[in-house]
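Written out below as C-alpha cells is the structure these notes cover.
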C-alpha cells in the first residue's frame, strides 16, 4: 500500500510520491537528521519477501553506491523497515526525458538537446562499463534532467535497478525475457545471452535517442512478444521517414541499433560523437575521457600529463585488449551455441499455451510476453504441447480436451478462447467455427 504524506519509514518523513513502477514506489522524503530531502525508493511488501528480488535490490544499492560520476544519481543508504526494503538517493529537482518529451516535444526534441542528453548518458555508461558494470535498463524515464535548456542544465542517469557485473552469470534474473523495458532491450539481452557487454546499453541508448528525436521508440506494439520479435529480426525504421531533416542521423542510429554487438560502436561515447557530428553540435571537449568526467579527488602527489608517445602506446594496447576480448567473446558464442544457432538473429516464436509443438524443450513466448516451453504431457506417450513450464505437464483430470484444459489451467483464460486460439495455432480449418471448439470440463 502506498505511503502517505507524514508517514515515517526508517526515520525518513514522507513528503510526497514522486513515481511508481518496477519494484515499488519512489518518494520525496525528509532526511532524519540532515536538513535536506532525498529520493526514497521503497519496495512493496510482496516484492520485499521475494528472495530473488531482495537479492537484486540489495545488489542495486551496493553496485550504485560504488559509482561516483557527475551524470549518475548518487546513492546514500539502504536498509529494511517493517519487512520493506528501501534505498535513499539524491533527489534531482526537475523532470525526466520521457516526461519532457511527452509534455513539451511530442513530435521529437531539438537535435541539440538530444545530443546533450545522449552525451551525458554515454559518459555515465562508459564510466560504469570501465568498472565492469552494465545498467541494463537505459530508457528515457531513467534519464533525469534538472533545469532543461538553461545554463544550469544537469543530466543524470538513474536506477541501476537490474545492473549486473560484466561476465556475471544471470542466475539472479531467470526471467531475462521480462526484465527491463522491452522497447529498449538489445537482442542479446532478450535472448539471455551470457556474453553481453556495454554495447547492450549502447543499443538501449540508441533506442532512447530515436524516441527522443521522433516521439516514439524504434519498435512499438501493444503486444510485447511482437516487439521482442522485431528487436531480434526486423530492421529499425528510418528516421528520415519521420523527420526528413534529420536523415543524416540515420547512419549513426542504424550502427548503434545493429542486431549484432560486433557491428555497433566500440563505446557509447563513440555513438554520441557520431550523432553530434551529423547534427552540427559537437560533443564538448574532454567528453568520453574518464579523467575528464570523474569528479576531482584529493591529490596524492604530483601528477604528470602523458606524452603523445605514451598516450599512443596506451591506445595501441587498449585496441589490442579490446580486439582480444571481441575474439574471445566470438569464440565463446561459437563454442557454446554450436553451428546450428546464429548469434545474430534468433527468432523466438509467438505461441499459444496448449497448442501442439514438435521439439521437446524448444522455447517460445506467449502473446502476453511470458516465456513458454515445448513440454511433454505426462502419461501420454509422445504428445507435446506448449506450456508455461518446462519438463512434464501433469495430465489434467476431467473429460474435456486435454490441450484446452492445459491452456485454461495455466493462463486462466476461458475454454472457448483457448480452444479457438489452439485450433488457429495448429492451422485447424475449424478455428473459425465456434461450434467446433472443444470445451473443458468445469
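In the UniProt record's numbering, the protein residues as written are 1 to 442. Think of the CB as a built atom: it goes at the ideal place given N, C-alpha and C, for glycine as much as any other residue.
> Could you give the distance in angstroms between the alpha-carbon of residue 147 and the alpha-carbon of residue 218?
Replying inline: Residue numbering aside, residue 147 sits at position 147 when the chain shown is read from its first letter. Residue numbering aside, residue 218 sits at position 218 when the chain shown is read from its first letter. Approximately 28 Å, taken between the alpha carbons.
>> Check whether the region 242-262 and the region 201-216 are in contact - that is, three or more C-beta pairs closer than 8 Å.
In response: yes
>> Buried or exposed for residue 236, going by 16 or more other Cβ atoms inside 10 Å?
In response: Taking the first residue of the chain shown as 1, we reach residue 236 at position 236. Residue 236 comes out buried.
> Is residue 81 helix, strand or coil when you go by DSSP?
Replying inline: Here the question's residue 81 lines up with position 81 in the chain shown. Residue 81 falls in the strand class under three-state DSSP.
> On the three-pair Cβ rule with 8 Å, is the region 122-137 touching the region 52-70?
Replying inline: yes
> Secondary structure at residue 250, three-state DSSP: helix, strand or coil?
Replying inline: Mapped onto the chain shown, residue 250 falls at position 250. In this structure, residue 250 counts as helix in the three-state DSSP scheme.
> When the distance is taken between beta carbons, is residue 73 closer than 8 Å to residue 157?
Replying inline: Locating residue 157 in the chain shown gives position 157, counting from the first residue. Locating residue 73 in the chain shown gives position 73, counting from the first residue. Going by C-beta atoms, residue 157 is nearer than 8 Å to residue 73.
> Quick one: what does DSSP say residue 425 is sitting in, helix, strand or coil?
Replying inline: Here the question's residue 425 lines up with position 425 in the chain shown. Under the three-state reduction of DSSP, residue 425 is assigned to helix.
>> On the criterion of 16 or more Cβ atoms from any shown chain inside 10 Å, does residue 71 qualify as buried, or is it exposed?
In response: On the chain shown, residue 71 is found 71 positions in, with the first residue counted as 1. Per the 10 Å Cβ criterion, buried.
> If you run the structure through DSSP and keep just helix, strand and coil, what is residue 255?
Replying inline: Residue numbering aside, residue 255 sits at position 255 when the chain shown is read from its first letter. DSSP places residue 255 in helix when its eight states are reduced to three.
> Does at least one heavy atom of the ligand HEM sit under 7 Å from the Cβ of residue 279?
Replying inline: This structure does not include the ligand HEM; it has no bound ligands of any sort.
>> Below 8 Å, how does it come out for the region 413-425 and the region 354-365: are there three or more Cβ pairs, yes or no?
In response: yes
> Would you say residue 70 faces chain D, with C-beta separation under 8 Å as the test?
Replying inline: The chain labelled as chain D is not found in the depicted structure, where only one protein chain is given.
>> Excluding the 5 residues flanking residue 293 on each side, which residues of the same chain have their C-beta closer than 7 Å to its C-beta?
In response: One-based indexing of the chain shown puts residue 293 at position 293. The predicted position of residue 293 is uncertain, since its pLDDT is 41 and thus under 50; no value can be drawn from it.
>> Whole angstroms are fine: how far does the CA of residue 232 sit from the CA of residue 249?
In response: Here residue 249 refers to the residue found at position 249 of the chain shown. Here residue 232 refers to the residue found at position 232 of the chain shown. Going by the C-alpha atoms only, they are around 22 Å apart.
>> Threshold first: 3 residues or longer. Then list the beta strand (DSSP E) segments lying entirely within the region 3-59, N to C.
In response: 12-21, 24-30 and 37-43
> By how many angstroms is the C-alpha of residue 223 removed from the C-alpha of residue 404?
Replying inline: Stepping through the chain shown from its first residue, residue 404 is reached at position 404. Stepping through the chain shown from its first residue, residue 223 is reached at position 223. Using only the alpha carbons, I get a separation of about 22 Å.
> Taking just the CA atoms, how far does residue 2 sit from residue 57?
Replying inline: As a working mapping, residue 57 is identified with position 57 in the chain shown. As a working mapping, residue 2 is identified with position 2 in the chain shown. C-alpha separation (whole angstroms): 19 Å.
> Are the Cβ atoms of residue 118 and residue 205 separated by less than 8 Å?
Replying inline: Here residue 118 corresponds to residue number 118 of the chain shown, with the count starting at 1. Here residue 205 corresponds to residue number 205 of the chain shown, with the count starting at 1. For residue 118 and residue 205, yes; Cβs fall inside 8 Å.
>> For a test of the three-state rule: what should DSSP assign to residue 512, helix, strand or coil?
In response: In the structure as shown, the chain starts at 1 and stops at 442, and residue 512 therefore has no counterpart that could be examined.
>> So for residue 387, helix, strand or coil by DSSP?
In response: Mapped onto the chain shown, residue 387 falls at position 387. In this structure, residue 387 counts as strand in the three-state DSSP scheme.
> Quick one: Cα of residue 77 to Cα of residue 266, how far?
Replying inline: Walking along the chain shown from the start, residue 77 turns up at place 77. Walking along the chain shown from the start, residue 266 turns up at place 266. Residue 77 and residue 266: Cα-Cα distance of roughly 34 Å.
> Is residue 20 buried or exposed, if buried means 16 or more other CB atoms sit within 10 Å of its CB?
Replying inline: Here residue 20 refers to the residue found at position 20 when the chain shown is read from its first residue. Exposed: under 16 other Cβ atoms inside 10 Å.
>> Helix, strand or coil, according to DSSP, for residue 75 in the structure here?
In response: Looking up residue 75 in the chain shown gives position 75. Residue 75: strand per DSSP, three-state reduction.
>> Here's the rule I'm using: 16 or more other beta-carbon atoms within 10 Å means buried, otherwise exposed. How should residue 175 be labelled?
In response: Locating residue 175 in the chain shown gives position 175, where the first residue counts as 1. Since pLDDT at residue 175 reaches only 35, below the 50 mark, its modelled position is unreliable, and no value is offered.
> Exposed or buried, which one is residue 238 when buried takes at least 16 other CB atoms within 10 Å?
Replying inline: Walking along the chain shown from the start, residue 238 turns up at place 238. Its Cβ having fewer than 16 others within 10 Å, residue 238 is exposed.
> Rounded to whole angstroms, how far is the Cβ of residue 89 from the Cβ of residue 41, which I believe are closer than 8 Å?
Replying inline: Reading the chain shown from its first residue, position 89 is the one you call residue 89. Reading the chain shown from its first residue, position 41 is the one you call residue 41. So it is a contact: roughly 7 Å between Cβ atoms.
> What are the boundary residues of the beta strand (DSSP E) that includes residue 364?
Replying inline: Here residue 364 corresponds to residue number 364 of the chain shown, with the count starting at 1. That run of the beta strand (DSSP E) goes 363-365.
> Going by the CB atoms, is the gap between residue 95 and residue 137 shorter than 8 Å?
Replying inline: As a position in the chain shown, residue 137 is number 137, starting the count at 1. As a position in the chain shown, residue 95 is number 95, starting the count at 1. No, the pair does not count as a contact, with Cβ atoms beyond the cut-off.
> For residue 373, which three-state DSSP category applies?
Replying inline: Within the chain shown, numbered from 1, the residue matching residue 373 stands at position 373. If DSSP states are grouped into helix, strand and coil, residue 373 belongs with the strands.
> Whose C-beta lies closer than 7 Å to the C-beta of residue 402 among residues of the same chain, with five residues either side of it excluded?
Replying inline: Within the chain shown, numbered from 1, the residue matching residue 402 stands at position 402. 377 and 396, listed in sequence order.
>> Strictly by DSSP, which residues pair up with residue 350?
In response: Against the chain shown, residue 350 aligns to sequence position 350. Beta-bridge partners of residue 350 (DSSP): 365.
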